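Asks:
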Amino acid sequence: MAFISAWLQDRRATLVFDGRSSEPVDIRVGVPQGSPLSPILAILYLAPLYETLAARHPHLSLLGFADDTNILALGLSEASTCHQLEEAWGTCVLWAQTRGLTFAPEKSELIHFTRARRPWQQGLQLGATSITPTESGRFLGVWLDRKLRWGAHLQELRKRLNTQRFALTRLAAKTWGPGLIRARELYTKVVRSTIAFGAPAYHQPTSVGGKPRGLAVRLEKEQNSCLQVVAGAYKATPIRNLEVETLVPPLDLYLNKRVADFEARLDQSGLRVIMDDARLKILRRFGKRGRRGCRRMSLNAATKAFRPTDLDQTQEAIGAWRAQGDSPDEVVTQEWKNRFLASQRGRSLADIQGRTLLEAKKPKEIERALRKHLRRHKKLRKEESSLLIQARTGRIGLRKFLFLRRVPSIATPYCECGEEETVHHVLEGCTNNPGAYELQRKEGPIDTLIRRLQEGDRVRPILRWLMRRLPEYRLALELATD
Ligand SMILES: [Zn+2]
């Protein structure tokens, strides 16, 4: 106690701006900003407010985070919920007066959650301030709309992702910028964590062997376009190959894992009890219509008496998914492998990915096989990684691919010798391309060259040689030889 009071008293503050300092000012109120002790003191100070509200208004659900207080009132009409909220506001004001505080009513927000076609319009009168309802609002970083669907969240998320993708594109290009490993890190640590924020609330888990659902379908596209940048690959590169090359699992599987981790945390932290309590309030409140005795039902019985909610469905789906392996990571790996193999049609050099993955049976082996792909980029420069992925997937600036993509200046998929112009043909050499024989004399016969590309083994000389044939890499070559 003595420590806290000494810590809060006799404080002075100095403002520093553009290198100039103000005279020290005495600080008589508040807690020091930025100290970890401050929020704890603030919570202790505010806790009696929650106790008072809970005692006077037992039907309300209360949830606070730091200085952000949320009051949830349940009712069958807007008049009923607004009345409950105004009463609660009255309690807050009275409590504040006893502490010498005032709340700022104009900072309050009102949202009516209803699936009714027309939004509820009634506002709140908080003292002299009128609050009109909004259609969506931000709660702990997640955007909720009045129908509890996720349109508003997706919209806000996309705004942030556009900025981030723009930055990623500026930083990492096909032929310059940070290497693939760094660019990948930028994606997973910045962009993907933005996407995954709030996933336990919005994500509809993918079932075992199933397809992505809900928001994950839209967000997958965001991940795909970022992985193209990370890998320096053509848009036409199959996404399953890109995921393996960059060691980034399909987004919906990653989100499944986040939900599974979250569910496990709920049980460990005791948060589940708080959530169940809030649900029980809702069930009891609305259960009495047509279902007598709901008021005294246990949560279990009350839940069974109703149609399963989104929350129940998520819990059940993620439980079944999680039961497929020893850990969420293992289930992701196994599902990832199955999806990759289902997508392969044996057309390109990337096939070897399929073979190593096919041979790997246990999750640990699959993981090792996947990691191997990323490792081979460790010693490569950005343009080398990018070209390696292009060569392995066949999506590369040679006539066969460019012709298929209908690039206007490419009238034929064939080399002048009459064969299709592919990586294999270019490395094999022909009368129009005798340089390849020189490469083979130095580095080994065609089968060796292909195997080295597939396995990422001593690829640099082969990539350098290929690069000279592709105009878009000219700049990279000049920079590298400088
Ligand atoms: Zn040829």
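FYI, the numbering for the sequence shown is 208 to 689, going by the working numbering.
Glycine included, every Cβ here is placed at the ideal spot set by N, Cα and C.
From a predicted model like this one, the values you see are computed outputs, not experimental measurements.
1. Given a cut-off of 8 Å, decide if Leu577 and Val480 are closer than it, judged by their beta-carbon atoms.
2. List the endpoints of the continuous beta strand (DSSP E) containing Asp275.
3. Rounded to whole angstroms, what's the CA-CA distance from Ser593 to Leu473? Just pull it up for me.
4. What do you reckon, are the CB atoms on Gly663 and Arg588 nearer than 8 Å?
5. What residues in its chain sit with their C-beta under 8 Å from that of Leu673, if we drop five residues either side in the sequence?
6. Between which two residues does the beta strand (DSSP E) containing Gly271 stretch?
7. Closer than 8 Å is the cut-off here; do at least three beta carbon pairs connect the region 296-310 with the region 341-348?
8. Give the DSSP-derived three-state secondary structure of Phe346 in the structure shown.
9. For Ser284 and Gln328, what's the separation of their Cα atoms in angstroms?
10. Chain E beta carbons: is any one of them nearer than 8 Å to that of Glu628?
11. Say the cut is 7 Å; is the CB of His631 nearer than that to a heavy atom of ligand 1?
12. Is there contact between the region 457-476 and the region 394-409, where contact requires at least three CB pairs shorter than 8 Å?
13. What residues are listed by DSSP as bridge partners for Phe224?
14. For ligand 1, is there any heavy atom lying closer than 7 Å to the beta carbon of Glu623?
15. With a cut-off of 8 Å on the beta carbons, I'd call Leu434 and Thr413 a contact; round off their distance for me.
16. Could you check whether the Cβ of Glu626 sits closer than 7 Å to any heavy atom belonging to ligand 1?
17. Pull up the distance between the alpha-carbon of Leu364 and that of Gln475, whole angstroms please.
18. Could you please give the first and the last residue of the uninterrupted alpha helix (DSSP H) stretch that includes Asp519?
19. Exposed or buried, which one is Cys622 when buried takes at least 16 other CB atoms within 10 Å?
20. Indicate the three-state DSSP secondary structure (helix, strand or coil) for Pro340 in the structure shown.
21. Which one or two residues does DSSP pair with Arg492 in a beta bridge?
22. For Ile525, count the other beta carbons within 10 Å of its own beta carbon; 16 or more makes it buried, fewer makes it exposed. Which is it?
23. Asp468 lies in the alpha helix (DSSP H); which residues open and close that run?
24. Within the continuous alpha helix (DSSP H) that includes Leu605, where are the two ends?
25. When you compare each of Leu378, Arg546, Arg675, Ile489 to Asn448 by their alpha carbons, which one comes out closest?
26. Would DSSP call Gln216 helix, strand or coil?
27. Can you tell me whether DSSP reads Tyr621 as helix, strand or coil?
28. Does the beta-carbon of Asn507 have 16 or more other beta-carbons within 10 angstroms, so that it is buried, or is it exposed?
29. When the Cα atoms are used, what is the spatial distance from Arg399 to Arg659?
30. With a CB to CB cut of under 6 Å and the five nearest residues on each side skipped, what residues in its chain are close to Pro456?
31. Ligand 1 heavy atoms versus the CB of Asn545: any closer than 7 Å?
32. Mind checking whether the beta-carbon of Asn640 lies closer than 7 Å to any heavy atom of ligand 1?
33. Considering Gln541, what are the terminal residues of the alpha helix (DSSP H) in which it resides?
34. Can you tell me the Cα-Cα spacing of Thr276 and Trp357, whole angstroms?
35. Would you identify the three-state DSSP class for Glu628, choosing helix, strand or coil?
36. Rounded to a whole number of angstroms, what is the C-alpha to C-alpha distance between Ile653 and Gln647?
Replies: Taking the geometry as given:
1. no
2. 275-279
3. 42 Å
4. no
5. Leu594, Ala598, Val630, Val633, Leu634
6. 268-272
7. no
8. strand
9. 11 Å
10. Protein chain content of the structure displayed is limited to a single chain, and chain E is not contained in it.
11. no
12. yes
13. Arg227
14. yes
15. Contact flag wrong, Cβ pair sits at about 18 Å.
16. yes
17. 29 Å
18. 517-529
19. buried
20. strand
21. In DSSP, Arg492 forms no bridge with anything.
22. buried
23. 458-476
24. Where Leu605 is concerned, there is no enclosing alpha helix (DSSP H), given that its DSSP letter is neither H nor E.
25. Arg546
26. coil
27. strand
28. exposed
29. 32 Å
30. Val539, Trp543
31. no
32. yes
33. 535-550
34. 22 Å
35. coil
36. 7 Å
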